[in-house]
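Asker: Taken in sequence, the protein lines are chains E and L.
Numbering follows numbering that gives the first Met the number 0, in which position 110 of the first sequence is assigned residue number 109; successive positions increment by one, without gaps.
Numbering follows numbering that gives the first Met the number 0, in which position 171 of the second sequence is assigned residue number 170; successive positions increment by one, without gaps.
For glycine and all other residues, C-beta sits at the position ideal for the given N, C-alpha and C.
Computed from a predicted model, the values in this text were never measured in an experiment.
One structure coming up, written as structure tokens, with questions to follow.
2 protein chains.
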Amino acid sequence: MAAGRSVDAAARLRAAGLRSTGQRRAVLEALSRLGHATVDELAAEVQASMPEVSLSTVYRTLEALDAVGLVTHTHLHHGAPTYHSVDDEPHLHLVCQACGAVASESVEVALDLATAVRRASGFRVDLTHLALHGRCASCAPAIPDDPLAPPLHTSEAPAAGSLPAPPTLTEA
Amino acid sequence: MAAGRSVDAAARLRAAGLRSTGQRRAVLEALSRLGHATVDELAAEVQASMPEVSLSTVYRTLEALDAVGLVTHTHLHHGAPTYHSVDDEPHLHLVCQACGAVASESVEVALDLATAVRRASGFRVDLTHLALHGRCASCAPAIPDDPLAPPLHTSEAPAAGSLPAPPTLTEA
DNA sequence: TTGGCTGCAAAAATTTTGCAGTACC
DNA sequence: GGTACTGCAAAATTTTTGCAGCCAA
Numbered sequence: 000m001a002a003g004r005s006v007d008a009a010a011r012l013r014a015a016g017l018r019s020t021g022q023r024r025a026v027l028e029a030l031s032r033l034g035h036a037t038v039d040e041l042a043a044e045v046q047a048s049m050p051e052v053s054l055s056t057v058y059r060t061l062e063a064l065d066a067v068g069l070v071t072h073t074h075l076h077h078g079a080p081t082y083h084s085v086d087d088e089p090h091l092h093l094v095c096q097a098c099g100a101v102a103s104e105s106v107e108v109a110l111d112l113a114t115a116v117r118r119a120s121g122f123r124v125d126l127t128h129l130a131l132h133g134r135c136a137s138c139a140p141a142i143p144d145d146p147l148a149p150p151l152h153t154s155e156a157p158a159a160g161s162l163p164a165p166p167t168l169t170e171a
Numbered sequence: 000m001a002a003g004r005s006v007d008a009a010a011r012l013r014a015a016g017l018r019s020t021g022q023r024r025a026v027l028e029a030l031s032r033l034g035h036a037t038v039d040e041l042a043a044e045v046q047a048s049m050p051e052v053s054l055s056t057v058y059r060t061l062e063a064l065d066a067v068g069l070v071t072h073t074h075l076h077h078g079a080p081t082y083h084s085v086d087d088e089p090h091l092h093l094v095c096q097a098c099g100a101v102a103s104e105s106v107e108v109a110l111d112l113a114t115a116v117r118r119a120s121g122f123r124v125d126l127t128h129l130a131l132h133g134r135c136a137s138c139a140p141a142i143p144d145d146p147l148a149p150p151l152h153t154s155e156a157p158a159a160g161s162l163p164a165p166p167t168l169t170e171a
């Protein structure tokens with residue numbers, strides 16, 4: 000499923016003075032199999048076939064792979080960053096703030112934005128894994144489509160007392 | 000400084016069955032004074048004048064204010080979400096992955112993107128506090144401006160050994 | 001060989017919760 | 001007066017580190 004535009008991981012690692020180890024390859028494969036995943040998910044996937052791989056190794060591996068550019072990460076949900084395989088088709092994420100669903104969208108839709116920002120301030124946007132927050136079609140109430148419209152969650156405030164934590168589905 | 004388009008916080012809270020307390024007002028004021036801040040920064044700012052306000056209160060307050068739409072949050076850096084006052088001029092953030100600097104940009108530059116996404120999938124983007132990651136002008140090396148170009152941090156991999164954690168300036 | 005990498009376990013940092021008292025409506 | 005909110009302290013999580021042995025190159 001994920002054999003997009005392969006990159007020679009080993010070579011890239013070596014070029015940076017790092018090494019290509021079994022664990023690193025395992026993490027890379029797990030990620031490309033999963034498409035995108037959090038540290039936990041990734042650790043679980045790797046440990047399915049290599050139980051001794053420790054969580055700290057996954058953390059350190061991801062950090063290294065990220066530094067070398069073999070993976071990227073975005074912040075889809077609160078605390079935990081979500082990692083992506085560079086080997087994967089570049090895409091951006093649409094994160095629904097209401098139901099938590101994560102959908103993908105072609106990066107092309109944001110090409111103009113990148114250009115505009117570049118022109119306006121010289122900043123170069125990394126679109127490969129941009130995350131857009133908002134409301135998915137099914138959660139969007141019949142409100143005008145003004146993207147600047149204040150908080151989308153205004154009228155359905157919590158009943159009272161404990162504030163309901165928004166559901167947290169993470170499947171794409 | 001930050002008396003943009005005011006919102007009646009008390010009213011909005013009450014409308015949701017919540018209450019307007021001194022602590023909540025303090026958090027709101029601190030946030031509007033700071034523009035945007037993490038939980039820690041906010042707690043510090045609040046505690047400067049109200050030392051007894053506990054960190055857990057800040058967490059719970061932010062959660063409540065967010066649910067009611069009086070504040071929003073984005074994920075500028077790794078773990079900690081950054082909160083924003085709705086009272087503030089809407090803007091998006093340009094986060095440099097190299098030096099960590101955070102700059103602001105007018106939301107207008109992304110209006111078309113919102114429309115395109117809306118059209119493509121029915122998803123309504125909340126642009127008010129979008130975060131774009133990439134390279135600021137001073138950190139962008141002389142590379143072609145292809146926003147799809149693989150990882151921007153490819154050739155300057157860590158010397159070896161411990162991977163240098165990117166600096167973490169958070170001033171806008 | 002050499003020095004980067006890994007596993008294990010402990011330490012640190014970050015968030016969340018339980019409760020009894022307090023304050024807002 | 002009823003009930004949401006707060007502070008404090010403890011509990012639960014999530015990440016980071018120290019080290020001795022292991023393994024790519």
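#1: Distance cutoff 8 angstroms, beta carbons only. Does E/R13 sit that close to anything in chain L?
#2: Who are the near neighbours of E/V116 in its chain, counting only those whose CB is closer than 7 angstroms to its CB and skipping five residues on each side?
#3: Rounded C-beta distance between E/A100 and E/C135? I'm assuming under 8 angstroms.
#4: Say whether the segment 51-69 of chain L touches the segment 94-108 of chain L, bearing in mind that this needs 3 or more beta-carbon pairs closer than 8 angstroms, one atom from each stretch.
#5: Nearest chain L C-beta to E/L129 closer than 8 angstroms, yes or no?
#6: Does any residue of chain E have a CB that is nearer than 8 angstroms to the CB of L/P150?
#7: In this structure, how does DSSP classify L/R123 when only helix, strand and coil are distinguished?
#8: Note down, in chain order, all residues in the segment 104-119 of chain L with a beta-carbon under 7 angstroms from any beta-carbon belonging to chain E.
#9: Could you tell me which of E/R13, E/T81 and E/A14 sits nearest to E/A42, measuring between CA atoms?
#10: Whose Cβ in chain E lies nearer than 9 angstroms to the Cβ of L/Q96?
#11: May I ask you to report which of helix, strand or coil DSSP gives E/A158?
#12: So for L/E88, helix, strand or coil by DSSP?
#13: So L/V57 packs on L/V85, CB below 8 angstroms; how close in whole Å?
#14: Beta-carbon of E/R18 versus every beta-carbon of chain L: anything under 8 angstroms?
#15: Pick out the complete alpha helix (DSSP H) segments inside the segment 20-106 of chain L, 4 residues or longer, and give them in chain order.
#16: Mind checking who L/R134 pairs with in its DSSP beta bridge?
#17: Can you tell me which of the three DSSP states L/D111 falls into?
#18: Using a beta-carbon distance cut-off of less than 7 angstroms, what residues from the segment 58-74 of chain L approach chain E?
#19: Along the chain, where does the alpha helix (DSSP H) that runs through E/R11 open and close?
#20: Cα separation between E/A130 and L/T73?
#21: Check L/R117 in the structure and name its three-state DSSP category.
#22: Starting from the beta carbon of E/P80, find every residue of chain L whose beta carbon is closer than 9 angstroms, and list them in chain order.
#23: With the cut-off set at 8 angstroms, would you say E/H35 and E/H77 are in Cβ contact?
#24: Residues of chain E with CB under 8 angstroms from L/G21, in chain order?
#25: For E/Q96 and E/G133, what's the separation of their Cα atoms in angstroms?
Answerer: A quick look at the data gives this:
#1: no
#2: F122 and V124
#3: 6 angstroms
#4: no
#5: yes
#6: Note that L/P150 scores a pLDDT of 46, beneath 50, so its modelled location is shaky and nothing firm can be said.
#7: strand
#8: E104, V106, V108, A109, L110, D111, L112, A113, A115, V116, R117 and A119
#9: E/T81
#10: D125
#11: Below a pLDDT of 50, predicted positions are generally treated as unreliable, and E/A158, at 33, falls in that range; no measurement from the model is reported.
#12: Three-state result, L/E88: coil.
#13: Their Cβ separation, rounded to whole angstroms, is 17 angstroms, which puts L/V57 and L/V85 out of contact at 8 angstroms.
#14: Not closer than 8 angstroms to any Cβ of chain L, the Cβ of E/R18 fails to qualify, so no.
#15: If we require 4 residues or more, the alpha helix (DSSP H) runs fully inside the segment 20-106 of chain L come out as 21-33, 38-48 and 54-67.
#16: E/R123
#17: helix
#18: E62, A63, A66, V67, G68, T71 and H74
#19: A8 to A14
#20: Distance between the alpha carbons of E/A130 and L/T73 is about 10 angstroms.
#21: helix
#22: H74, H77 and G78
#23: no
#24: Neighbours of L/G21 on chain E: none; closest Cβ ~19 angstroms, over 8 angstroms.
#25: Inter-residue distance for E/Q96 and E/G133 is about 6 angstroms (C-alpha atoms, whole angstroms).
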